[in-house]
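The block underneath contains the structure these notes are about, expressed in structure tokens.
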Amino acid sequence: MIRKRSLMRRTAAVAAAGAAALVLAACGGNGDDDGSAGHGGHAATASSSAPASASQGQHNAADVAFAKGMIPHHRQAVEMADLAPDRAQSAEVKKLAADIKKAQDPEIKTLSGWLTSWGEDVPAEGAMDHSMHDMGGMMTAEEMTELENASGKAFDTAFMEMMIKHHEGAVDMAKTEQADGAYGPAKKMAGEIIDSQSAEIEQMNQLLGKG
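Under UniProt numbering, residues 1 to 211 are what the sequence shown spells out, in order.
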């Protein structure tokens with residue numbers, strides 16, 4: 001009887017130790033995400049994808065925020081650019097729109113890939129919750145409708161004025177990533193966004209006669 005009791009005690013102790021180790025492993029694998037991966041039930045996938053991102057350095061909460069913010073931001077810029085071929089009058093505006101789409105489409109795919117590898121949710125297509133209205137330079141639904149209904153010179157002017165505001169927001173987000181981010185490829189992309197979009201802002205200001 002005594003022997004049986006001590007055996008049971010030993011079995012319970014081993015089970016408890018095993019459970020504790022599992023808890024520690026789960027916590028440890030998600031330690032550098034500031035808990036942001038946990039609320040979506042992705043804690044386990046974050047730890048399993050660690051080796052994939054380790055080769056390019058660890059990421060932090062600022063990198064996640066940059067990717068999650070820049071994806072819908074870029075999507076809207078591409079949506080605006082898609083309106084230009086049928087509505088713009090100026091050849092410069094049509095080319096500018098094509099350049100914006102060509103640059104930002106691949107970046108959306110790259111940003112989405114990073115989020116997936118980090119065990120984070122990729123923002124859904126068309127997902128515009130209330131928090132996005134505060135995001136730098138995002139157009140409201142009313143502004144997008146105004147742009148859709150414009151054509152010719154009126155479209156050119158509205159497109160450039162809105163895109164300048166949009167680009168300025170993206171540049172601000174990219175500067176925040178460069179200051180606070182930890183993931184090398186994300187900081188490199190942020191630098192490219194700052195350079196290319198600042199140049200496009202200057203070009204649009206000149207076309208509008210504000211340069």
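Using N, Cα and C, we set each Cβ at its ideal position, and we do this for glycine too.
DSSP places Ala88 within a strand segment (E or B) once states are collapsed to three. The C-beta separation of Leu208 from Thr157 comes to about 7 Å, placing the pair in contact by the 8 Å criterion.
Contact between Arg75 and Ile108 holds, since their C-beta atoms are separated by about 6 Å, short of 8 Å. Within the same chain, and ignoring the five residues on either side of Ser112 in sequence, the residues whose Cβ sits closer than 7 Å to its Cβ are Ile71, Val122. Met173 is positioned such that its CB atom lies closer than 8 Å to that of Gly69. Within the segment 117-193, no complete beta strand (DSSP E) segment of 3 residues or longer occurs.
Cβ-Cβ distances below 7 Å link Gln178 to Lys187, Ala190, Gly191 in the same chain, with the five nearest sequence neighbours on each side left out; the list follows chain order.
For Phe155, same chain residues with a beta-carbon under 6 Å away, outside a window of 5 residues either side, are Arg87, Ala88 in chain order.
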